[in-house]
Amino acid sequence: MSEALQHFGGEHEEEDEHYVLRLFITGASMNSIRAVINLKEICEKYIKDRYTLEIVDVHQEKWRAEKEQLIALPLLIKISPLPERRLIGDMSDTEKVLRGLGIPQN
Amino acid sequence: MKVLQKTPTGIRGLDEITAGGLPMGRPTLICGAAGSGKTLFSMEFLVHGAKKYNEPGVFVAFEEKSEELAINVASLGYDLNQLQEDKLIKLDHVHIVRSEIEETGEYNLDGLFIRLGYAIDSLGAKRVVLDTIESLFSGLTNQAILRAELRRLFEWLKEKKVTAIITGERGAETLTRQGLEEYVSDCVILLDHRVENKISTRILRIVKYRGSVHGTNEYPFLIDEEGISVLPVTSLRLDHQVSSLRVSSGIPALDKMLGGEGFFKGGSILVSGTAGTGKTSIAGSFINEACKNGKRCIYFAFEESPQQIVRNMHSINVNLQEHLDNGLLQFSASRPTLNGLEMHLLSITKMVDKFKPDIIVLDPITNLITVGTASEVKSLLTRLIDYLQAAQITVMFTALAYNDNKTEQTDEGISSLVDAWLLVRDIELNGERNRGLYVMKSRGMKHSNQVREFVISDEGLKLVEVFLGPEGVLTGSARETQLLLEKTSVALRDHAVTRKDREIERKRLVLESKISSLKEEFESLQDELNKSYIEDDLKKNIMEDNRRQMTQKRDE
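In order, the protein sequences belong to chains R and P. Its first residue numbered 189, the first sequence is counted upward by one per residue in my numbering. Its first residue numbered 65, the second sequence is counted upward by one per residue in my numbering.
Shown next as structure tokens:
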């Protein structure tokens, strides 16, 4: 029920919604590079100018691994709008990424 | 030559079975059903490592939260929060829920690697626990990736040179649900929890230990307020040290029956008998004597409470309270059904290790039958005797013989195991029951083959020589009667003897007086005879004189 409400609200404020995203990657690994490229592509296409993307190289900030509950990488956390969602993988499955971010497909 | 190095777990008994511990720098798989003690096992491994061996450790919990873990092991006296503050242990709770995660393509577990690596490096950890890593399979869907990553993880742990424990839930047909045993090939330990006759026993088995000898038996283990202890007492080698020192039984006459000095130190003694024959009293008096000599004793009571035993012993002038007070005596009373058999053995050995007694008593072992079969009890006692002999501890078992049959065998069939066997038996005669004590066997010493009457009195235990009358062995009041009869006849005989003595004396006096009168008679006779001799001489002299004078006169 709460999900339905959330969804309803989401649709309502769709236009001015701002996305705060954080992507955790590991250096220049294949998965990481693909994830960055795929995500940027999706964002540019669907939520252009409505998003902030922070990319964190976990190798550089190892202490964050525990704090952020990192296991599988690459990991994308949608911080806002709520609810927080976690997406793992190289973001190659566009449909799933959009569903995970709560962005309606057109 | 390079030999596999080992990391001690610090878990009581386990390091003996594994000849040193877990393979150093390699992962070990601990598998078992839910509630079999996997988490506790791995936690002990870390805590002992941190406290005893100065090896910090990282605990990655996939199921329990760090706070929950800390509370769970606090009951064992481990303060995880303090250990974390001291940088000896690091708890890390991995939270992974499938519904919160969307999988959008290729990924790997680098996050876990980095996280673990960071924790290991920041502590200088030598030990790592992953409990239970299989949770990843419920959190993430891509099996192919997970399996490849797990394989990589275990290799990576080896490279990191940490001794790791990976726990896994037991599967239906495999050791672990996800077949982790395929990846961890160095050492696999299985924990099990078995319920027989409504009594549960925990069992540990080393399924595999590459590059090391190890015991392959099922070892029972115990989880109590001190954590896990494994029972390694299955080595049935017969190479114990033996002693020729003696231990008094506390009953002087019994010692006399046993070659004059009592039992051998480190020996095992079985006291068997029917109900109410005084087995506990023998045990009590044995302990009493030992404590009086400053020896330490433990009394394992399976039937009576300590207070009951102390009170009952008091009635036969055996004061056990005194020894309890000065710490020489310890009681351990429990119903046999409290634990499985193995647990009993384990708790006995644990107490023995702690208290270091010279003598222990198990009263009665027959009650253990209620929790195991006869052969199990026998195996338990065999191992217990082995263990005690190795530690040079004298043990006395009491056993209840259910029926007073002539075969005289104990139900446990352990009489062949023990060094000395005392049998207390009812002797029924003339409408009363008396106790007869036999030394059935006593290895390595000359011992009496005679039956003694065993008397329990206010002063204590006594052995009385039985009376062998024309009707056979007499005991109790029959013996008393016989003794009285003997006493009477002795008095009568004494009386007769004195009368005869007096008569002799009288006769002697009479004869003596006779002798003296005869002597006098003889002297007077002698005088008489002498007198006539003199007279004759005188006569003769006078006559000769006269004749000479006559001849002289005629010549004149």
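By construction, the Cβ of each residue, glycine as well, lies at the ideal position given by its N, Cα and C atoms. Predicted model only: the values in this text are computed from it and were never measured.
**Study point:** Length of the line joining the Cα atoms of Val248 (chain P) and Lys420 (chain P)
**Key:** The residue you call residue 248 (chain P) lines up with position 184 of the second sequence. The residue you call residue 420 (chain P) lines up with position 356 of the second sequence. If I take the Cα positions, the gap works out to 40 Å.
Practice item. Tell me whether Lys470 (chain P) is buried or exposed, calling it buried when 16 or more other Cβ atoms sit within 10 Å of its Cβ. Key: As a working mapping, residue 470 (chain P) is identified with position 406 in the second sequence. Model confidence at Lys470 (chain P) stands at a pLDDT of 45, short of 50, so the residue's coordinates are unreliable; what they give is reported in the following sentence. Exposed: under 16 other Cβ atoms inside 10 Å.
**Study point:** Near-chain B residues of the stretch 234-258 of chain P - C-beta to any C-beta below 9 Å
**Key:** Note that chain B does not occur in the displayed structure, where the protein chains are R and P.
Practice item. Give me the Cα-Cα distance between Gln194 (chain R) and Leu261 (chain R), rounded to the nearest whole angstrom. Key: If you number the first sequence from 1, residue 194 (chain R) lands on position 6. If you number the first sequence from 1, residue 261 (chain R) lands on position 73. Because the pLDDT at Gln194 (chain R) is just 46, under 50, the model does not fix this residue reliably, and the point stays unresolved.
Practice item. Check distances from the C-beta atoms of the stretch 158-189 of chain P to those of chain R and list, in chain order, the residues that come in under 8 Å. Key: Val158, His159, Ile160, Glu164, Ile165, Glu166, Glu167, Thr168, Gly169, Glu170, Tyr171, Asn172, Leu173, Asp174, Gly175, Leu176, Ile178, Arg179, Gly181, Tyr182 and Ala183
Review point. Taking Gln456 (chain P) as the reference, which of P:Glu119, P:Gly330 and P:Ile94 has the closest Cα?
Key: For the purposes of this step, residue 456 (chain P) is taken as the residue at position 392 of the second sequence. Of P:Glu119, P:Gly330 and P:Ile94, the residue nearest in Cα terms is P:Gly330.
Practice item. If I'm right that Lys343 (chain P) touches Thr446 (chain P) with Cβ under 8 Å, what's the distance once you round it to whole angstroms? Key: Counting from 1 along the second sequence, the entry for residue 343 (chain P) is found at position 279. Counting from 1 along the second sequence, the entry for residue 446 (chain P) is found at position 382. About 21 Å; that fails the 8 Å criterion.
Exercise for review: Taking 8 Å as the cut-off, decide whether the C-beta atoms of Val122 (chain P) and Ile184 (chain P) are in contact.
Suggested key: Taking the first residue of the second sequence as position 1, residue 122 (chain P) is located at position 58. Taking the first residue of the second sequence as position 1, residue 184 (chain P) is located at position 120. Going by C-beta atoms, Val122 (chain P) is nearer than 8 Å to Ile184 (chain P).
Check your understanding: From the beta carbon of Asp156 (chain P), is the nearest beta carbon of chain R less than 8 Å away?
Key -> As a working note, residue 156 (chain P) is residue 92 in the second sequence. Closer than 8 Å: yes.
Check your understanding: According to DSSP, what are the bridge partners of Cys361 (chain P)?
Key -> What you label residue 361 (chain P) is simply residue 297 of the second sequence in a count that begins at 1. Answer is P:Leu393 and P:Ile423.
Exercise for review: Name, please, each residue of chain P whose Cβ falls closer than 9 Å to the Cβ of Gly290 (chain R).
Suggested key: As a first step, residue 290 (chain R) is located in the first sequence; it is residue number 102 there, counting from the start. Going along chain P, no residue has its Cβ under 9 Å from Gly290 (chain R), so there is no contact; the nearest lies around 11 Å.
Point to revise | Any chain P beta carbon closer than 8 Å to Lys250 (chain R) | key: If you number the first sequence from 1, residue 250 (chain R) lands on position 62. Interface residue, yes.
Review point. Which one of P:Glu233, P:Tyr182, P:Tyr363 and P:Thr168 has the shortest CA to CA distance from Asn206 (chain P)?
Key: To locate residue 206 (chain P), count along the second sequence from 1; it is residue 142. It is P:Thr168 whose Cα lies nearest to the Cα of Asn206 (chain P).
Exercise for review: Put Asn172 (chain P) into one of helix, strand or coil per three-state DSSP.
Suggested key: On the second sequence, position 108 is the one that residue 172 (chain P) refers to. Strand at Asn172 (chain P).
Check your understanding: Whose Cβ in chain P lies nearer than 8 Å to the Cβ of Pro269 (chain R)?
Key -> Counted from its first residue, the first sequence places residue 269 (chain R) at position 81. None at all; the shortest Cβ gap to chain P is about 16 Å.
Point to revise | Segment limits, alpha helix (DSSP H) that includes Asp319 (chain P) | key: For the purposes of this step, residue 319 (chain P) is identified with residue 255 of the second sequence, where counting begins at 1. From DSSP, the alpha helix (DSSP H) with Asp319 (chain P) extends over Pro316 to Met321.
Review point. Closest by CA to Ser186 (chain P), which one among P:Gln148, P:Glu213 and P:Leu194?
Key: Numbered from 1 along the second sequence, position 122 holds the residue referred to as residue 186 (chain P). Measuring from the Cα of Ser186 (chain P), the nearest candidate turns out to be P:Gln148.
**Study point:** Where the beta strand (DSSP E) through Arg76 (chain P) begins and ends
**Key:** Translated into positions along the second sequence, residue 76 (chain P) becomes position 12. First-last for Arg76 (chain P): undefined, no H or E at that position.
Review point. Going by the beta-carbon positions, is the gap between Leu268 (chain P) and Leu255 (chain P) smaller than 8 Å?
Key: One-based indexing of the second sequence puts residue 268 (chain P) at position 204. One-based indexing of the second sequence puts residue 255 (chain P) at position 191. Cβ distance < 8 Å, so Leu268 (chain P) and Leu255 (chain P) count as in contact.
Exercise for review: Below 6 Å CB to CB, which residues in the same chain sit around Gly369 (chain P) once its five sequence neighbours on both sides are set aside?
Suggested key: Taking the first residue of the second sequence as 1, we reach residue 369 (chain P) at position 305. The identity of residue 369 (chain P) in the sequence shown is Ser, whereas the question assumes Gly. Closer than 6 Å at the Cβ level, and outside the excluded window around Ser369 (chain P), lie Ala397.
Practice item. Per DSSP, which residues does Leu255 (chain P) bridge with? Please list them. Key: By one-based count along the second sequence, residue 255 (chain P) stands at place 191. Answer by DSSP bridge pairing, in chain order: P:Gly96 and P:Leu268.
Practice item. Quick one: residues in its chain with C-beta nearer than 8 Å to the C-beta of Glu506 (chain P), no 5 flanking neighbours on either side, listed in chain order? Key: Reading the second sequence from its first residue, position 442 is the one you call residue 506 (chain P). Checking the sequence, you will find Ser at residue 506 (chain P) rather than Glu. Answer for Ser506 (chain P): Leu322, Gly323, Phe327, Asp483, Ala484 and Trp485, listed in chain order.
Check your understanding: Would the stretch 188-197 of chain P and the stretch 273-289 of chain R be scored as touching if the rule is three or more Cβ pairs under 8 Å?
Key -> no
Check your understanding: Run through DSSP, which three-state label would Ile346 (chain P) get?
Key -> The count along the second sequence starts at 1 and reaches residue 346 (chain P) at position 282. Looking at Ile346 (chain P) - three-state DSSP - the assignment turns out to be helix.
Exercise for review: Name the one or two DSSP bridge partners that Val208 (chain R) has.
Suggested key: Along the first sequence, one-based indexing puts residue 208 (chain R) at 20. Answer by DSSP bridge pairing, in chain order: R:Thr240 and R:Ser268.
Point to revise | Per-residue DSSP class, three states only, for Glu167 (chain P) | key: Start at 1 with the first residue of the second sequence, and residue 167 (chain P) comes out as number 103. It is a strand residue.
Review point. According to DSSP, is Met504 (chain P) helix, strand or coil?
Key: Counting from 1 along the second sequence, the entry for residue 504 (chain P) is found at position 440. Here Met504 (chain P) sits in strand by DSSP.
Exercise for review: Mind listing the chain R neighbours of Leu204 (chain P)? Cutoff is C-beta to C-beta under 7 Å, in chain order.
Suggested key: Position 140 of the second sequence, counted from the start, is the residue given in the question as residue 204 (chain P). Ordered by position in chain R, the residues that pass the 7 Å Cβ test against Leu204 (chain P) are Ala260.
Review point. Could you check where the alpha helix (DSSP H) with Phe218 (chain P) kicks off and where it finishes?
Key: Here residue 218 (chain P) is taken as the residue at index 154 of the second sequence, counted from 1. Run containing Phe218 (chain P): Gln207 to Glu223, per the alpha helix (DSSP H) assignment.
Practice item. Say whether chain P places a C-beta atom closer than 8 Å to the C-beta of Leu275 (chain R). Key: Here residue 275 (chain R) refers to the residue found at position 87 of the first sequence. By this cut-off, Leu275 (chain R) is an interface position.
Check your understanding: Are the beta-carbon atoms of Ala223 (chain R) and Arg179 (chain P) separated by less than 8 Å?
Key -> Counted from its first residue, the first sequence places residue 223 (chain R) at position 35. Counted from its first residue, the second sequence places residue 179 (chain P) at position 115. No, they are not a contact pair.
Check your understanding: With a Cβ-Cβ cutoff of 8 Å, do Asp259 (chain R) and Val158 (chain P) count as a contact?
Key -> Along the first sequence, read from residue 1 onward, the residue named residue 259 (chain R) stands at position 71. Along the second sequence, read from residue 1 onward, the residue named residue 158 (chain P) stands at position 94. For the sequence presented, residue 259 (chain R) should be read as Ile rather than Asp. Result yes, Cβ atoms of Ile259 (chain R) and Val158 (chain P) sit closer than 8 Å.
Review point. Cβ of Ile235 (chain R) within 8 Å of Cβ of Leu211 (chain R)?
Key: One-based indexing of the first sequence puts residue 235 (chain R) at position 47. One-based indexing of the first sequence puts residue 211 (chain R) at position 23. In this structure, Leu211 (chain R) does not lie closer than 8 Å to Ile235 (chain R) by Cβ.
Review point. So is Pro263 (chain R) in contact with chain P if we call contact Cβ pairs under 8 Å?
Key: Locating residue 263 (chain R) in the first sequence gives position 75, where the first residue counts as 1. Correcting the residue identity first, residue 263 (chain R) is Leu in this sequence and not Pro. Chain P, which has a Cβ nearer than 8 Å to the Cβ of Leu263 (chain R), makes this yes.
Review point. Hey, quick one: how far does the beta strand (DSSP E) through Pro370 (chain P) stretch, first residue to last?
Key: Along the second sequence, one-based indexing puts residue 370 (chain P) at 306. Premise fails: Pro370 (chain P) lies in the alpha helix (DSSP H), Pro370 to His378, not in any beta strand (DSSP E).
Exercise for review: State the CB to CB distance for the pair Ile424 (chain P) and Val459 (chain P), rounded to an integer number of angstroms; the pair is presumed to be in contact (CB under 8 Å).
Suggested key: As a position in the second sequence, residue 424 (chain P) is number 360, starting the count at 1. As a position in the second sequence, residue 459 (chain P) is number 395, starting the count at 1. Their Cβ separation, rounded to whole angstroms, is 5 Å, which keeps Ile424 (chain P) and Val459 (chain P) in contact under 8 Å.
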